[in-house]
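The structure appears below as structure tokens.
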Amino acid sequence: MENRLESIELQGVKTFATTTRLEFPGKITAIVGPNGSGKSNIADAIRWVLGEQSFSLLRAKKTEDMIFSGSQQRSRSGMASSTITFNNEDGWLPIDYSHVAITRQAYRDGQNEYILNGQKVRLKDISELLSQTGMSERNYTIIGQGLVDAALALKPDERRKLFEEAAGIGLYRSRKEDSLRKLENTRKNLDRVLDILTEIKPRLRSLERQAQRFQEYQQVKADLRLLLREWYGFQWHVKQQDLRKTRDAFHEQEVLVHSLNKLHLDAKTDVEGARARLQAYRKELEAFYGELSENHSLLEQTTRELAIIEERQRSYKQQKDNLDLDISNIEEEIKGIEAQGLALKAEIEQRQEEFHEGAEEERIFAQKLADVIKEREQIDFALDKLKVKRIQLETEKVQTVVRIDELENRVNALQNERDRVENAIETLQHQRNEANEQFLLLEKSSQTFTQKIEQQKNEIDEFKHQIERLNHDRLSITQQINHKDNQRTKLSTQLSLLQDAEKALSGYSEGSKKLLENSRQGRLPQGIEPISQHILIDEQYERAISAALGELTDLLAMPSQSKDKLIKYLEAKVDDRVALMPMDQSTQTIQKKDFHHLDGVIGFANTLVSVGKTYRNLVDALLSDILVVKDTETAEIIIGKSDLAIIVVTLSGIVFYPNGLIISGQSPSGKRIGRTRQQAELQSERVLVEKEIEELLDQQMRIEKSIEQLQAEQDELVQDFTLLERDWQVNEGKLQDAKDAHARLLEQERWNTDRLLALDADMIEVQSMIESGKRKLDDIEAEINRVLGEEKKINLELQAIPLFEIQQTLNQLKTQQIVAKNTLDSVQQRYQDISNRVDVSKQRFQELTNRRIEIAAELVEIEKRKRELTQKIEEIQLKINHLETEHVEPLSAIGVETEQSIVELQQIEAQSHQKVIIAERQYTQLQMELERRQDQLNLLRDRIGDDFGLVSFEGDQKYDGPMPLPFNDDLIEDLPQIAEIPESHEDDIKRLKGQLVRIGAVNPEAEQEYIEVKERFEFLTNQVADLEKASQDLQKVIEELDDMMEIEFVKTYQAVNKEFSAVFSRLFNGGEAKLIFTDEEKPVEGGVDIEVRLPGRRQQGLASLSGGERSLTAVALIFALLKVSPPPFCILDEVDAMLDESNVGRFVEELRELSEQIQVVIITHNRNTVQAADVIYGVTMGRDSTSQMISLKLDEVGDAYFA
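For what it's worth, the numbering used here labels the leading residue of the sequence shown as 26, then goes sequentially.
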């Protein structure tokens, strides 16, 4: 195996501040160093230079994290650069270089540059270059820290992606995704077009109805206009007559209203004069009434004040009498309260003396009681002490009795258990013998199952090999079909381009193009055809004939009957250059020599082309004088010797004319002459390719039938194998159960024997404890009897102490003292209340005396004020009588007479006013009638204007307002004056208007819109058909890609499964591991799960594995993927970290085997792993916090590098 990875050069990448170069000449290169030295940064740099964009995989957060950040001794770097060099001598990279160097540079502003062999390129270019080798797809090329275990932690759906990358179906998947996107877009476009059609279809029907309704509307409107013109003429004449009559009546009423208003004004003036005189009398009378009212108010006020004073005088007299009575009562009350106070004072002295005597007697008895209580407490203490001791003894007695009962029950239980254990030992011995016999039978059955399983495995593997060979053949044929299909598509595209170019008249002169377009569009006679489309020229003669024809390459064949018309057309288009020739042009016979005897002569041009019968004469006339030769020497010989007017042209396109003119090169349109040949060749080639595709499809169908037949047979075998394996597993389970049961029974028998011996020892010990307990019980009962005797003696002493009598006497004394105290307090309180009542009564007596003096003084003042008010009332009464007699009564009589005169004048004024109101009402009615008539006329004018526009109104313009502006007669409608119309006229108008209402609103543009929408509907209908065909084609492509992906995926899965099982068994020294589909029917869409069985264990899940077992299982899976689909190289970063020494040895063996296929770079801490390496690099962290690289030999690698 030739090494693909040559070297990696780092500068400023993470901890590698200086330029560091690592070369990889060996199969296995090991990188060692202590933790934190920067070993894994090398793997990150390789991942980074290959175009990785995920910062999480690069252990960074942004581009700046990839650049050396500096330290205390060294400043930070401004950029990071990494260059990886590949050996491409065998061309494994699709680029014409023997060595390929890829460089990635990053700057602190976030910019990245990619360089390929010294040339700046895009990331896309790098990705496309690597994608063709599979390096950009496989995420297991570089196995970083923690990614080994992640291969097991992945969900089945996520783990499937590893197998897809190994199968290399990413290209198919991307094509499928592109096809799905195209299919989705096509379906969206189809949905949009269908939505538009769904929207347009009802609109098309609606527009069709609207167009028909608009035509009907126009006809009805025209009929209605004729009727309305006559009706408006009649109505205009009638309204003018009504207006004239109403206006004459209005003027007459206006004169009458003026005369009545004048009479009413005179009567109103007389009434107002009388009212003014009456107002003056009333004003003078009001002044006297005011003065009279003031006197009456003053009289009322004085009378009211006199009444108040009299009431106050009566009230004070009554208060004085009541005060005299209260004062005498209080004097008697004071005398009685003072006598009660003297009696209570004597009673208080007596009660105090009795209370002191009782207190002394109570103290004496309290002292006697305290002495007795102290003596009794001493005796009680001794008695309590004896009781406590007796209770303790009784408690101990009860406990001892209970303990003896428990021990006796325990003896019985131990005896029962001993009997049960003896029975159990006999039963277990019998069961163990039966289990041993069953184990021997199951072991023999297991050997038989193992032989059958191995035999069926071999048969299934043979079927798998046959199916794999057929799948490989089918894949090869599928690839051939795809290649041929692409070839057919390419030919169809080229043919379509040529046909489109010819249809679009590409390459023709402008004059020819215009003439052909006019002919095809019908503006010129039909049948004009380019002659170049109907002749077929061999490719070797095309250059010569097109050079000889020159501008005649664009020659157009025309029908003879159209010659005159085309000549007229050409005369009108003098600027357009066109070459025309009639189709029936006869060949002009010229004398020809036979030049075939000369070397280098090929023949005349008309004999070198193929043409249909229709154009043969025309071609002969055009090419019969053109001789094709091989070279210029031959041409010069013929031109020099021949006396015929022929044109000689060489194969290289040099034209020799008889007059000596030589022209070289093709005209711009000369290249087009080979289109007909090219179309014929492409058509023939496409037919051949299609025939080959059909043959390949037949082969593919036959292979698929064989695969189906083999698959069916294999499925039957697999089904039988599954049943056999399930029976074997059941038998193995029973075998293991029998083995476990035998061991369990043996252990139970041993345990029961030990238990029997322990029970005998326990029974002897318990009997000894029962006898000891009975002796202790006798001692406790003797001590209890002694304590009871002492308690009886102390109780007799307590009964002799008179504690109850002394305490009862003391309680009686205390009760008497409480009663005496309460009585003394009650008497003292009553004495205090009486003293307070005396003070209150004396204070009340003084207040009443003072109040009696004040009331007497007030009565004197009231009498004085009463006399003054009586005198004032008499004076006011005299003044009121004088005003009423001298002033008020005469003025009232004059006012009554004036009021009677005003009433008479008002009646006259009311009568005249009534006449004016009636006249004005009639005047207003006539004015309203006149306005109504005028409004009717104006409304009629407006309606006429709305229906007819500008109208010339005939009739009396005196009543119709000002004359209209002088418009052009063509713009003004004449309105005739009609005196009478038929009775059915208005009914006809109503009928036509109702018809218009029923027609409703119309769209004037409906007809044009209908034509446009109809054209669009037809166009979209054609588009739907095209989109549906495109959708079907894309669906077919997707199905083919799915089949191809499934074939490749299953093939890779089977290979990886086989390799994974083998690697797992070698790494674990036995055991089994296999991959299973989560969805057998759809393996490409489902997931991939893992089942393992470690040596000596049952099958178990991944979650129950230890850390080392998980790591080793993941290594087996990764190694299997690498072996089945090997990348150019592989980076393993501390994948052996979780392995012990024994596992590392097997890991190293697998690593060496893997290195035979793949170049391996391993980053490790394990000395045993390093021993497998051909080249070793040591990485250390320098004092300036930068990584330093040294090349080492194995014996030079110290323990520091494995820390």
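A virtual CB, placed ideally from N, CA and C, is assigned to each residue, including glycine.
Quantities reported herein were computed from a predicted structural model and do not represent experimental measurements.
* Asked: Whose CA, out of D609, E564 and K730, lies closest to the CA of L676?
  -> E564
Range of the contiguous alpha helix (DSSP H) that encloses E1174 | E1166 to S1180
Does DSSP put D972 in a helix, in a strand, or in coil? helix
Ignore the nearest five residues each way along the sequence and tell me which others in T327's own chain have a CB closer than 8 Å to its CB.
L894, K897, I898 and I901
Quiz item: Is P991 helix, strand or coil by DSSP?
Solution: Any answer about P991 is weak, because its pLDDT of 40 lies below 50 and its placement is not dependable; what the coordinates show is given next. The answer is coil: DSSP assigns P991 none of H, G, I, E or B.
Checklist line | Rounded distance between the beta-carbons of N66 and V38, thought under 8 Å | finding: 7 Å
Next item on the list: Could you tell me if S100 is buried or exposed, where buried requires 16 or more neighbouring beta carbons within 10 angstroms of its beta carbon?
Entry: exposed
**Strand pairing of D1158, partner residues [DSSP]** = I1188
Just verifying my parser: in three-state terms, what is the DSSP assignment at Q739?
helix
When burial is assigned at 16 or more other CB atoms within 10 Å of the CB, is P987 buried or exposed?
Confidence is the limiting factor: at P987 the pLDDT is only 41, short of 50, which leaves the residue's position unreliable and the question unanswerable from this model.
inquiry  = Let me check one thing: in DSSP terms, what residues is V680 bridge-paired to?
reply    = V674 and I688
#### Entry: Whole alpha helix (DSSP H) elements within the segment 447 to 511, 4-residue minimum
none
| query | Based on the DSSP output, what are the partners of L838 in its beta bridges? | reply | DSSP lists no partner for L838.
- request: Check L30 in the structure and name its three-state DSSP category.
  value: strand
Using a Cβ-Cβ cut-off of 7 Å (strictly less than) and excluding sequence neighbours within five positions of N1028, which residues of its own chain qualify? Q235 and F239
Review point. Going along the chain, which residues of its own chain have a beta-carbon closer than 8 Å to the beta-carbon of K482, five neighbours each way excluded?
Key: F746
- Query: When the Cα atoms are used, what is the spatial distance from P1152 to T158?
  - Reply: 8 Å
Test item: CB-CB of L1137 and L1092 under 9 Å: yes
Do three or more CB pairs link the segment 719 to 737 to the segment 487 to 501 at distances below 8 Å?
yes
Original post:
Helix, strand or coil for P1108 per DSSP?
Top reply: coil
E138 bridges to which residues according to DSSP?
-> Q130
Taking C-alpha atoms, which residue in E31, R84 and V1113 lies nearest to T110? E31
task: Give the single residue among E1030, I352 and S1129 whose Cα lies nearest to the Cα of L232.
output: E1030
Do T1194 and L1176 have their beta-carbon atoms positioned less than 9 Å apart in this structure?
yes
Under 9 Å between the Cβ atoms of M583 and L577?
no
- Message: On the DSSP bridge list, what partners appear for G628?
- Response: V653
Roughly how far, in whole angstroms, is the beta-carbon of E421 from the beta-carbon of I805, given that I think they are within contact range, below 8 Å? 6 Å
(request) Indicate the three-state DSSP secondary structure (helix, strand or coil) for R84 in the structure shown. (result) coil
key: Inter-residue Cα distance where the pair is R568 and L686   = 18 Å
L771 versus R892, H1010 and I450, residue with shortest Cα-Cα distance: I450
Buried or exposed for P989, please, with buried defined as at least 16 other CB atoms from any protein chain shown within 10 angstroms of its CB. Low per-residue confidence applies at P989: pLDDT is 42, beneath 50, and the placement is therefore not dependable, though the value from the model is reported in the following sentence. When all chains shown are included, P989 counts as exposed.
Does DSSP put R1208 in a helix, in a strand, or in coil? coil
query: For K598, does the three-state DSSP call read helix, strand or coil?
result: coil
Determine whether the beta carbon atoms of F973 and R228 lie at a separation below 9 Å. no
Exercise. Tell me whether P1152 sits in a helix, a strand or coil according to DSSP, three-state version.
Key: coil
In chain order, which alpha helix (DSSP H) runs of at least 4 residues are fully inside the segment 364 to 450? none
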